[in-house]
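Under the numbering used here, the first residue of the sequence shown carries the number 61, and numbering increases by one thereafter.
Glycine is no exception: its CB is placed at the ideal position from the N, C-alpha and C atoms.
The structure appears below as structure tokens.
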Amino acid sequence: MSKKTRIVLGADEAAFELKEKIKHHLQSEHGDELEVMDFGIFDTAPVDYPDIAEKVALAIANGEADRGILMCGTGIGMAITANKVPGIRAAQVHDHYSAERASKSNDAHIITIGARVVGVELAKSIADAWLRSEFTGGPSENKIRKISSVEQRYTGHTAEGTQ
61 MSKKTRIVLG ADEAAFELKE KIKHHLQSEH GDELEVMDFG IFDTAPVDYP DIAEKVALAI
121 ANGEADRGIL MCGTGIGMAI TANKVPGIRA AQVHDHYSAE RASKSNDAHI ITIGARVVGV
181 ELAKSIADAW LRSEFTGGPS ENKIRKISSV EQRYTGHTAE GTQ
């Protein structure tokens with residue numbers, strides 16, 4: 061039996077309902093291949109999205125999870141915050157093509173989705189498109205190395221342990 065991909069979800073209050081629907085979708089449609097972890101929030105009380113984004117990104121950077129989906133009103137703030145964690149590549153996505161390319165071309169560990177930007181059904185299919193896609197290397201491999209090199213120059217961090 062193959063190992064399940066560990067995917068962690070996180071959202072702020074603007075995307076709480078979307079997170080719950082994505083979580084149910086992933087568990088019901090992909091339960092055989094995914095271990096879904098929910099890092100909150102667990103109700104609609106206001107929260108600062110950077111706190112959630114950091115927890116999700118750290119779980120991936122530390123090897124506790126393989127991939128992540130972050131959701132807030134636009135997806136922008138979550139992506140900015142997650143990208144501050146050394147070794148993490150997070151991409152805001154809003155359609156199938158951007159979700160697929162986030163994985164195939166950019167080897168993104170995390171996608172971010174705006175609950176005020178896309179509807180529930182599109183968000184589900186975005187998640188599916190991203191999960192079906194794999195980093196293909198090729199011409200993108202050198203670009204990913206260059207991204208890591210930029211990060212290393214400014215932070216001293218190397219992404220060797222990060223997936």
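Give me, in chain order, the residues of the same chain whose beta-carbon lies closer than 7 angstroms to that of residue i; leave out the 5 immediate sequence neighbours on both sides.
| i | result |
| --- | --- |
| V145 | E114, A117, L118 and A121 |
| T215 | P146 |
| R176 | A74, G133 and T134 |
Quick one: give me the first and last residue of the alpha helix (DSSP H) that residue i is part of.
| i | result |
| --- | --- |
| A113 | Y109 to A121 |
| G137 | I136 to A142 |
Note down, in chain order, each residue of its chain lying with its Cβ closer than 6 angstroms to the Cβ of residue i, except the 5 sequence neighbours on either side.
| i | result |
| --- | --- |
| T196 | K164 |
| T104 | E73 and F76 |
| L69 | K79, K83, D98 and I129 |
What whole-angstrom Cβ distance do residue i and residue j have, given they're in contact under 8 angstroms?
| i | j | result |
| --- | --- | --- |
| R23 | H84 | Look at the range of the chain in this structure, 61 to 223, and you will see that residue 23 is not part of it. |
Quick one: give me the first and last residue of the beta strand (DSSP E) that residue i is part of.
| i | result |
| --- | --- |
| E95 | L94 to D98 |
| I173 | I170 to G174 |
| I56 | Because the chain is modelled from 61 through 223, residue 56 falls outside the range shown and cannot be assessed. |
| G133 | From DSSP, G133 is part of no beta strand (DSSP E); its letter is neither H nor E. |
Using three-state DSSP, classify residue i as helix, strand or coil.
| i | result |
| --- | --- |
| I101 | coil |
| V180 | helix |
| G91 | coil |
| V153 | coil |
| A187 | helix |
| T196 | coil |
| A74 | helix |
Please classify residue i: is it buried, with 16 or more other beta-carbons within 10 angstroms of its beta-carbon, or exposed?
| i | result |
| --- | --- |
| D167 | buried |
| F102 | exposed |
| Q152 | buried |
| R149 | buried |
| G221 | Here G221 scores only 44 on pLDDT, less than 50, and its place in the model should not be relied on; the value that follows carries that caveat. Exposed, because fewer than 16 other Cβ atoms sit within 10 Å of the Cβ of G221. |
| Y109 | buried |
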